[in-house]
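Before any comments, here is the structure.
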Amino acid sequence: MVTRHSIQDASDYMMAHKAHVDDSCRIHVRAKVVVHDTFNGTASARTKSKLGKSGSGKQLLALQEDMQQRIASDLHDSTCQHLLAASLNMMRMRCAVAGIGSAIKICDEIDASIGEALREIRAFTYLLHPQNLLDGGLKSAIEEFAVGLSSRTSLETHLKIDAAVDALPNDTQRSLLRVVQEALANVFRHAKATQVTISIKATDTNVTLRISDNGCGMPISQARDGHQAVSFGVGIPAMRARLDQMGGTFEIHSSSTAVCSGTTVHATIPRATSRKGNKPVNIHRGGRGSAKIRPSHG
Ligand SMILES: Nc1ncnc2c1ncn2[C@@H]1O[C@H](COP(=O)(O)OP(=O)(O)OP(=O)(O)O)[C@@H](O)[C@H]1O
Ligand SMILES: [Mg+2]
C-alpha cells in the first residue's frame with residue numbers, strides 16, 4: 001500500500017547515501033588538486049614545504065599511489081555499500097508504490113542507474129588498486145591484469161609482450177606495470193574504446209611500451225590550449241614522472257577528428273641505466289587534429 005511516510009522514508013535514505021557519496025568525492029577532488037598542482041609546480045607554499053625538496057620525484061609518485069589506494073578502498077568499502085543500501089531501499093520503495101505504473105518505471109530507472117554505478121565503481125577500483133608484481137614477473141602480471149579488466153568491462157585487450165621484460169630490474173618492471181595501469185584507467189574512463197592493445201618490446205638496448213586504444217581520442221582544444229591547463233588529472237603527469245625517473249621518453253599521440261582513431265601512449269626506456277632527468281613536458285600539435293605530448297630536452 002502506498003503511504004506518504006514510506007516513500008518519504010525511502011527517499012530520505014537515498015538522499016543520505018547521495019550526501020555521503022558527494023562528501024567523499026569532494027575530499028578526493030581536494031586531495032587530487034594538491035597532487036596535480038605539486039606535479040605541475042603550482043602547489044601552494046604550504047604544500048611545497050610539507051613535501052620538501054623531494055616532492056617532485058619518488059615522494060609524489062608514492063603520494064599518488066597512496067591517494068589512489070585510498071580512493072579505491074573508500075569506493076569499495078564505503079561508496080559501494082551505500083549504493084547497495086540504496087538498492088535495498090529501492091526494494092522497499094517498490095513495495096510502497098506497488099500498482100502505480102509510473103512509479104514502478106521510475107524505480108526501474110533508478111535501479112538501472114545504481115547497477116551501472118556499481119559496475120563502474122567495481123571496474124574503477126580494480127584499475128586504481130596498485131597491482132603487485134607476481135612471482136611470474138611483468139609479462140604475466142600485465143596478462144592477469146588485462147584478463148581482470150576485460151572481465152569487468154566491455155573492453156577487449158590484445159597483448160604483445162616480449163618474455164624478455166621479465167629480466168628487467170624489479171623497480172623497472174614495477175614502474176612499467178604502474179604506467180600500463182594508469183594508461184588503461186584512462187582508456188576505461190575517457191576513451192569510449194572497445195579495444196586496447198598493449199605491446200612491450202625489449203631489445204638489448206631499450207624497452208618500448210605502446211598502449212593504443214580505438215576510442216574517441218583527446219579533444220583538439222586540450223592539445224592546443226595545453227593539457228595541464230584544462231585538466232586536474234594526475235595520471236599523465238605521474239606516467240611522465242615515472243618515465244623521467246627511468247631516463248626514458250614519454251609521448252601521447254592522439255586525434256579526435258578521425259572517427260575512433262584513438263590514443264596511443266608511447267614510452268621508451270634505455271636498458272641498464274640509472275640516469276635521472278627532470279625534463280619539462282611540452283605539448284606539440286602534430287598534423288591536423290593530432291596531439292603529441294612529449295618531453296623536451298633542455
Ligand atoms: N585514452 C584516452 N582517450 C581519451 N582521452 C584521454 C585518454 N587519456 C587521457 N585522456 C584525457 O586526458 C585527460 C588527462 O588525463 P589524466 O590521466 O592526466 O587525468 P584524469 O584521468 O582526468 O584523472 P586522474 O588520472 O588523475 O584520475 C583526461 O581527463 C582525458 O580528457
Ligand atoms: Mg587518468
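The sequence shown begins at 1 in UniProt numbering and counts up one residue at a time.
Even glycine gets a Cβ: it sits at the ideal position worked out from N, Cα and C.
Bear in mind that the values here come from a model prediction, so they are computed numbers and not experimental data.
Contact between the stretch 182-190 and the stretch 164-173 is absent: fewer than 3 CB-CB pairs across the two stretches fall below 8 Å.
Counting along the chain, the unbroken beta strand (DSSP E) around asparagine 206 starts and ends at 206-213. For serine 113, the enclosing alpha helix (DSSP H) stretches over residues 101-128. If you look at alanine 62, you'll find it in the alpha helix (DSSP H) that goes 58-74.
Look at proline 237 here: in three-state DSSP terms it is helix.
About 12 Å separates the CB atoms of threonine 249 and arginine 210; that is not less than 8 Å, and the two are not in contact. At a Cβ-Cβ threshold of 8 Å, leucine 75 and alanine 238 do not count as neighbours.
Any heavy atom of ligand 2 counts here; residues with a Cβ closer than 7 Å to one of them, in chain order, are Glu182, Ala185, Asn186, Arg189, Gly233, Gly235 and Ile236. Annotation for histidine 253: the continuous beta strand (DSSP E) segment containing it runs 249-255. Within the same chain, Cβ atoms closer than 7 Å to the Cβ of serine 261 are found at Gly217 and Ser255, the five residues on either side in sequence being excluded. Aspartate 213 has its CB nearer than 7 Å to a heavy atom of ligand 1. For threonine 194, there is no enclosing alpha helix (DSSP H), since its DSSP letter is neither H nor E.
Of Ile269, Gly235 and His253, the smallest CA-CA separation from glutamine 245 is found for Ile269. Counting along the chain, leucine 159 sits inside the beta strand (DSSP E) bounded by residues 156-161.
Bounds of any beta strand (DSSP E) do not take in histidine 190, whose DSSP letter is neither H nor E. For threonine 172, the three-state secondary structure derived from DSSP is helix. For alanine 141, the enclosing alpha helix (DSSP H) starts and ends at 138-152. Counting the other CB atoms within 10 Å of its CB gives alanine 191 a total of 16 or more, which places it among the buried residues. Within the same chain, Cβ atoms closer than 6 Å to the Cβ of alanine 193 are found at Val187, Asp213, Asn214 and Gly215, the five residues on either side in sequence being excluded. In the three-state reduction of the DSSP assignment, threonine 263 falls in the strand class. Within 7 Å of the C-beta of threonine 263 there is at least one heavy atom belonging to ligand 1. In the DSSP assignment, leucine 88 falls within the unbroken alpha helix (DSSP H) covering 80-96.
At a threshold of 7 Å, alanine 191 counts as near ligand 1, since its beta carbon sits closer than that to one of the ligand's heavy atoms. Residue state for alanine 183 is assigned as helix, using DSSP reduced to three classes. Within the model, the alpha-carbon separation for glutamine 181 versus leucine 83 is close to 26 Å.
One thing to note: glutamine 195 has its Cβ no nearer than 8 Å to the Cβ of histidine 253. Selection Cys80, Lys160, Pro219 and Asp162 evaluated against arginine 119 yields Cys80 as nearest (Cα-Cα). Distance between glutamate 65 and glycine 148, taken at the CA atoms: about 20 Å. When the Cα atoms are used, glutamate 144 and alanine 98 turn out to be separated by approximately 45 Å. Relative to ligand 1, the nearest heavy atom lies less than 7 Å away from the CB of cysteine 216. Excluding residues up to 5 positions away in sequence, nothing lies with its Cβ nearer than 6 Å to the Cβ of glycine 233 in the same chain.
Assignment of alanine 164 by DSSP, reduced to helix, strand and coil, places it in the helix class.
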